[in-house]
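For reference, the structure is listed below as structure tokens.
Chains as they are written, first to last, in the numbering used here: chain A, 75 to 156; chain B, 75 to 156.
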């Protein structure tokens, strides 16, 4: 299993409730891909969302996000963690 | 106090030891700005580093990184966290 950070851009003005809804859509299907989205953070002023996940591959993380309706081209595999 | 994610680009091939050294330079001086760098993650293939910090302001986080020798223009204030 690997650890991944994905970054979503263009979410200026998103609310806490909207982030929670989006995150819940990931959590509802993540087990299909053996992925778990551990944390999510939002900067609504600059419109950035960061999601920290574990899973078997970058592609598995991407598939969950795609099916949940919020794909992103930016997924990073975090092979070092402090 | 706020929570911040900063993103560093262009670190392709950086090693775990180099990340540890850079992180230690932040930790050595962060108290001057009332900042704490909690976590750091590295994707050495795509050259991205993510640092999660708490502190009084984005500028305070930036000043620590500048003095430690690794400034970045990308610092996000995380007002929502799941």
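Glycine is no exception: its CB is placed at the ideal position from the N, C-alpha and C atoms.
Problem set entry | Pick from A/99, A/155, A/148 that is closest to residue 122 of chain A, judged by C-alpha positions | If you number the first chain from 1, residue 122 of chain A lands on position 48. Minimum Cα-Cα distance from residue 122 of chain A among the listed residues A/99, A/155, A/148 corresponds to A/148.
For this session: Check whether the segment 75-94 of chain A touches the segment 112-130 of chain A, taking contact to mean three or more Cβ pairs, one atom from each stretch, closer than 8 angstroms.
Result: Counting C-beta pairs with one atom in each stretch, the segment 75-94 of chain A and the segment 112-130 of chain A have three or more that are closer than 8 angstroms, which means they touch.
For this session: May I ask you to report which of helix, strand or coil DSSP gives residue 101 of chain A?
Result: In the first chain, residue 101 of chain A corresponds to position 27, counting from 1. Correct three-state label for residue 101 of chain A: helix.
Exercise. Which residues in the same chain as residue 104 of chain B place their Cβ atom closer than 7 angstroms to its Cβ, once the five residues preceding and following it in sequence are excluded?
Worked result: Stepping through the second chain from its first residue, residue 104 of chain B is reached at position 30. Only 110, 111, 138 meet the Cβ criterion.
For this session: Can you give me the start and stop residues for the beta strand (DSSP E) that residue 148 of chain B sits inside?
Result: The residue given as residue 148 of chain B occupies position 74 in the second chain. Here the beta strand (DSSP E) through residue 148 of chain B covers 148-151.
For this session: For residue 90 of chain B, return the contacting residues in chain A, with the cut-off set at a CB-CB distance below 7 angstroms.
Result: Within the second chain, residue 90 of chain B is the residue found at index 16, counting from 1. Ordered by position in chain A, the residues that pass the 7 angstroms Cβ test against residue 90 of chain B are 154.
For this session: Just grab the DSSP bridge partners of residue 155 of chain A for me.
Result: To locate residue 155 of chain A, count along the first chain from 1; it is residue 81. Bridge partners of residue 155 of chain A: B/115.
Exercise. Who are the Cβ neighbours of residue 78 of chain A in its own chain at under 7 angstroms, not counting the five residues just before and after it?
Worked result: Position 4 of the first chain, counted from the start, is the residue given in the question as residue 78 of chain A. These residues qualify, in order along the chain: 127, 129, 132, 135, 149, 150, 151, 152.
For this session: Below 8 angstroms on the Cβ atoms is my guess for residue 93 of chain B versus residue 114 of chain B; work out the distance and round it to an integer in Å.
Result: One-based indexing of the second chain puts residue 93 of chain B at position 19. One-based indexing of the second chain puts residue 114 of chain B at position 40. Residue 93 of chain B to residue 114 of chain B, Cβ: 6 angstroms. Contact.
Problem set entry | Cβ shell of residue 108 of chain A (< 7 angstroms), same chain only, five flanking positions each side left out | Reading the first chain from its first residue, position 34 is the one you call residue 108 of chain A. So the list reads 129, 130, 134, once near-sequence residues are dropped.
Exercise. Taking the Cβ atom as the reference point for each residue, do residue 125 of chain A and residue 80 of chain A lie within a distance shorter than 7 angstroms?
Worked result: Position 51 of the first chain, counted from the start, is the residue given in the question as residue 125 of chain A. Position 6 of the first chain, counted from the start, is the residue given in the question as residue 80 of chain A. Taking 7 angstroms as the Cβ cut-off, residue 125 of chain A and residue 80 of chain A qualify as a contacting pair.
Problem set entry | For residue 108 of chain A, three-class secondary structure by DSSP | One-based indexing of the first chain puts residue 108 of chain A at position 34. Residue state, collapsed to three classes: coil.
Exercise. Could you check where the alpha helix (DSSP H) with residue 86 of chain B kicks off and where it finishes?
Worked result: Counted from its first residue, the second chain places residue 86 of chain B at position 12. Counting along the chain, residue 86 of chain B falls outside any alpha helix (DSSP H), and DSSP gives it neither H nor E.
Problem set entry | For residue 142 of chain A, three-class secondary structure by DSSP | On the first chain, residue 142 of chain A is found 68 positions in, with the first residue counted as 1. Looking at residue 142 of chain A - three-state DSSP - the assignment turns out to be coil, as it is neither helix nor strand.
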